[in-house]
Amino acid sequence: MKSVDAHLADILATVRALAPLEVELEQALGTTLAEEVASPVPLPPFDNSAMDGYAVRAADLPGVPVTLPVIDDVAAGSGELRAVGPGHAVRIMTGAPLPAGADAVVPVEWTDGGTATVTIGRAAPPGNAIRRAGEDVQAGEIVLKPGTLIGPPQLGILAGVGRRRVLVRPRPRVVVISTGAELVEPGNPLGPGQIWDSNSYTLAAAVREAGGECFRVGIVGDDAAAFLDQLDAQLVRADLVITSGGVSMGAYEPVKEALSPLGTVRFERVAMQPGMPQGFGVVGDDQVPIFTLPGNPVSSYVSFVLFVRPALRKMQGLPAGPPAPVPARTTAPLRSPQGRRSFLRGILADDGTVAPVHGQGSHQLAALAAANSLIVVPEEVTEVPSGAFVQVIRL
Ligand code: AMP
Ligand code: MG
Numbered sequence: 000m001k002s003v004d005a006h007l008a009d010i011l012a013t014v015r016a017l018a019p020l021e022v023e024l025e026q027a028l029g030t031t032l033a034e035e036v037a038s039p040v041p042l043p044p045f046d047n048s049a050m051d052g053y054a055v056r057a058a059d060l061p062g063v064p065v066t067l068p069v070i071d072d073v074a075a076g077s078g079e080l081r082a083v084g085p086g087h088a089v090r091i092m093t094g095a096p097l098p099a100g101a102d103a104v105v106p107v108e109w110t111d112g113g114t115a116t117v118t119i120g121r122a123a124p125p126g127n128a129i130r131r132a133g134e135d136v137q138a139g140e141i142v143l144k145p146g147t148l149i150g151p152p153q154l155g156i157l158a159g160v161g162r163r164r165v166l167v168r169p170r171p172r173v174v175v176i177s178t179g180a181e182l183v184e185p186g187n188p189l190g191p192g193q194i195w196d197s198n199s200y201t202l203a204a205a206v207r208e209a210g211g212e213c214f215r216v217g218i219v220g221d222d223a224a225a226f227l228d229q230l231d232a233q234l235v236r237a238d239l240v241i242t243s244g245g246v247s248m249g250a251y252e253p254v255k256e257a258l259s260p261l262g263t264v265r266f267e268r269v270a271m272q273p274g275m276p277q278g279f280g281v282v283g284d285d286q287v288p289i290f291t292l293p294g295n296p297v298s299s300y301v302s303f304v305l306f307v308r309p310a311l312r313k314m315q316g317l318p319a320g321p322p323a324p325v326p327a328r329t330t331a332p333l334r335s336p337q338g339r340r341s342f343l344r345g346i347l348a349d350d351g352t353v354a355p356v357h358g359q360g361s362h363q364l365a366a367l368a369a370a371n372s373l374i375v376v377p378e379e380v381t382e383v384p385s386g387a388f389v390q391v392i393r394l
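Right, here's the structure in full:
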């Protein structure tokens with residue numbers, strides 16, 4: 000059997016970062032920056048007031064209270080300003096440019112709020128409540144580097160330096176296909192021997208959470224030709240394909256049957272539990288990467304966490320590797336098969352303990368939904384006593 004680490008290494012050696020694309024700012028959330036962004040101007044672009052108040056010369060306020068004539072009124076956005084001469088005050092609003100001559104702003108709270116004259120009750124030192132030009136960013140300074148994931152604050156600074164469009168690595172477009180003659184779309188009644196398709200919902204959600212754009216296409220029955228037709232139709236819009244089901248050792252394994260003859264997808268047994276039967280490779284003229292995940296709901300989700308998510312990160316131009324585990328103390332003894340790395344479903348608590356959930360079968364989706372983590376038991380370990388330290392992957 001192939002090791003989990005070797006399988007991930009093969010995947011990351013095949014998958015490439017997506018080509019950069021220029022997008023409108025509105026489309027950039029969740030993408031990865033593919034250029035260096037500098038500010039064309041200093042930020043703030045001009046000295047301005049940090050508060051509503053009065054722009055004055057600090058030297059005019061030695062003996063407060065003092066009453067000064069108010070010679071002008073400056074709102075944010077004002078362009079033409081009268082200079083503040085000795086003994087003068089200008090009423091000024093937050094964000095308004097500081098008039099020449101002024102070197103301090105007295106907050107309105109320290110005054111009587113007058114409009115013709117103002118009586119100031121408290122002296123302000125030079126520089127008080129003034130935001131200097133370039134205090135945040137100098138002209139030409141780099142504000143974002145390539146490889147930065149664009150979240151709301153990053154979008155904000157892009158707009159703040161005047162950008163309308165930006166070069167990014169786009170969200171990977173991922174097609175998710177469920178296979179199985181027993182599957183029914185949720186919302187439709189179940190016939191004998193049927194179950195509702197849950198995998199495509201889990202996987203589509205996991206793709207979106209990982210920053211991808213997902214196309215959840217309908218269920219394909221256990222028919223290799225129908226599966227190939229659907230795959231062919233979907234490839235035009237796919238940067239990555241994920242299938243579930245149809246790759247085990249039984250009869251009626253349409254994914255394996257359809258893709259094996261191509262020779263570009265390898266079906267392997269990976270030394271893990273759950274999720275032993277794994278397939279990965281490329282399909283179509285564009286060599287689109289494809290993951291053929293096992294059908295059991297827990298197996299397919301664990302496979303996503305271990306293999307698909309790192310691949311999606313690499314496609315987005317983000318650092319990609321195995322999920323980082325944290326140590327925790329198990330509250331119950333654990334068992335694991337010899338020679339396979341186990342990923343048991345657990346509940347990680349704030350006190351640093353992890354409790355395995357009841358129901359560790361790879362079909363037990365409710366137990367997965369009750370868990371918040373995977374407890375990793377190494378290949379050579381078959382039993383872990385209660386109270387021992389284990390490594391845990393947060394879900
Ligand atoms: P397979 O890998 O096709 O042999 O399927 C293994 C197990 O997973 C079977 O019990 C299937 O019914 C179940 N299964 C396969 N696909 C899905 C799905 N999309 N949703 C829920 N269960 C599934
Ligand atoms: Mg099946």
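In case it helps, numbering that gives the first Met the number 0 puts the sequence shown at residues 0 to 394. The C-beta atom is built at its ideal place from N, Cα and C for all residues, glycine as well. A quick note: this is a predicted structure, and the numbers were derived from the prediction, not measured.
Item: According to DSSP, residues forming a beta bridge with S55; Value: It should be noted that the sequence gives Val, not Ser, for residue 55. Partner(s): A103.
Item: Rounded distance between the beta-carbons of L24 and A158, thought under 8 angstroms; Value: 6 angstroms
Item: Buried versus exposed, by CB contacts within 10 Å (16 or more), E252; Value: buried
Item: Contact test: V246 Cβ vs the ligand AMP heavy atom, cutoff 7 angstroms; Value: yes
Item: CA nearest to the CA of V235, picked from V73, V282, T352; Value: V282
Item: Assumed close pair V173, D238 - CB separation to whole angstroms, cut-off 8 angstroms; Value: 7 angstroms
Item: For E382: DSSP bridge partner residues; Value: R334
Item: Proximity of V105 and P41 at Cβ, strictly below 8 angstroms; Value: no
Item: Classification of L182 by the beta-carbon crowding that lies within 10 angstroms, buried from 16 upward; Value: buried
Item: Heavy atom of the ligand MG within 7 angstroms of G345 beta-carbon; Value: no
Item: Identified DSSP bridge partners for E21; Value: L166
Item: Among P309, R339, V240, S77, nearest to M425 - alpha-carbon criterion; Value: Lying before the first or after the last residue shown, residue 425 is absent from the chain, which here runs from 0 to 394.
Item: Three-state class that DSSP yields for I119 in the structure shown; Value: strand
Item: Span separating the alpha-carbon of T13 from that of L20; Value: 21 angstroms
Item: Between the CA atoms of L347 and L367 - distance to the nearest angstrom; Value: 13 angstroms
Item: Spatial distance of V287 from V240 (CA atoms); Value: 7 angstroms
Item: Sufficient close CB pairs (3 or more, under 8 angstroms) joining the stretch 120-128 to the stretch 42-60; Value: yes
Item: Status (buried if at least 16 other CB within 10 Å, exposed otherwise) for L343; Value: buried
Item: Outcome for T178 when other beta-carbon atoms lying within 10 angstroms are tallied against a minimum of 16; Value: buried
Item: Where A123 falls, given that 16 or more other Cβ within 10 Å makes a residue buried; Value: buried
Item: Simplified DSSP assignment, three categories, for G402; Value: Any question about residue 402 goes unanswered here, given that the chain covers just 0 to 394.
Item: Burial state of D221, where buried means 16 or more other Cβ atoms lie within 10 Å; Value: buried
Item: CA nearest to the CA of G29, picked from M0, L154, P377; Value: L154
Item: Where the alpha helix (DSSP H) containing I156 begins and where it ends; Value: 151-159
Item: Proximity test, G192 beta-carbon vs the ligand MG heavy atom, cut-off 7 angstroms; Value: no
Item: Whole-number beta carbon distance between T118 and P68, since they are thought to touch under 8 angstroms; Value: About 11 angstroms separates the two Cβ atoms, so there is no contact after all.
Item: Simplified DSSP state of D285, which is helix, strand or coil; Value: coil
Item: Rounded separation between V167 and E34 - CA only; Value: 7 angstroms
Item: Short Cβ contact (8 angstroms threshold) for S38 with V160; Value: yes
Item: Residue interval of the alpha helix (DSSP H) (run including T13); Value: 3-13
Item: Beta strand (DSSP E) runs wholly inside the stretch 209-289, at least 3 long, in chain order; Value: 212-215, 239-243, 264-268, 276-282
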